[in-house]
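Quick note on our numbering: the sequence shown kicks off at 124 and runs consecutively.
A short write-up of the structure that comes next.
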Amino acid sequence: MKQRSVGQSSWSVDEDAVKREGRWSLLLRPISFLFMLALFALYFIEPLGSEWLHVSLPWKLRLLGGFLSLGGTLMLVLTHRALSIHWSTTLQFKEGHSLITTGPYGLIRHPMYTSLYIIFIGLAIVSSFWPLWILILLMTIFFFRIASIEEDMMIDKFGDEYVSYIKRSGRFLPRLRRRNY
């Protein structure tokens, strides 16, 4: 990991992660975060003339959105528990890294992305705030791209074990299994 400094501030940069993910991918994270903060501020501040940003949804559908967000949050907690010390904000392997196939990883290869997706879909429904769907679209593009890079890394590291795991698990949703009668 290399240290970079600007003025009196410094931060750590994993140069290998920059190579794997690309500078745009790493830059997209803070930009997406700022976009998300701006959307939430816009939602809560409700400036004059912003009524058009909201759609009318039945309360039962909004309640369902709340349950979706809670379910996604629970899944995120379970995912973090399963990952334990292997969790990282960038694509990297830690010393002694092993293939996790328990907990949510027993059914889905990228449950963290799935749980974030579920949380934000729930929030978009609860809030009836259509601009959140733009964020969800951006998340979809990012998650598909980064999941492909992660899977290539996992195949390089774990080989046939990971290929076998791919065959029995879904990328973002559980794999539908065929029953042989």
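Ideal Cβ positions, reconstructed from N, Cα and C, are used throughout, including at glycine.
Note that this is a predicted model, so its numbers are computed, not measured.
Pick from G194, I269, L186, L296 that is closest to V249, judged by C-alpha positions: L186
CA-to-CA distance, P234 to G282, given in whole angstroms: 21 Å
Do you know offhand how far K125's Cα is from F163's? The pLDDT assigned to K125 is 45, lower than 50, so where the model puts this residue is not dependable, and the model offers no usable value.
Counting Cβ pairs, one atom from each stretch, are 3 or more of them under 8 Å apart for the region 273 to 282 and the region 214 to 227? yes
Pull up the DSSP beta-bridge partners for F252, would you. H177
What are the start and end residues of the alpha helix (DSSP H) that includes W182? 182 to 206
Would the region 258 to 269 count as touching the region 191 to 202 if we require 3 or more Cβ pairs under 8 Å? no
Quick one: what's I231 bridged to in DSSP? G293
Suppose you measure from the CA of F265 to the CA of V178; what does that come to, to the nearest Å? 26 Å
Please identify the residue among R294, S207, F158 whose C-alpha is closest to the C-alpha of L230. R294
Just to confirm my understanding: we take K280, look at its own chain, exclude 5 residues before and 5 after, and list those with CB closer than 7 Å. What are they? F216
Nearest-angstrom Cα separation, counted from F190 out to Y236: 18 Å
Are L69 and F243 closer than 8 Å when you measure CB to CB? The question about residue 69 has no answer, for the chain in this structure spans 124 to 304.
Please list, in chain order, all residues of the same chain as A205 whose beta carbon is under 7 Å from its beta carbon, the five residues on each side excluded. I223, T225, G226, P227, Y228
Is the beta carbon of W253 less than 8 Å from the beta carbon of L176? yes
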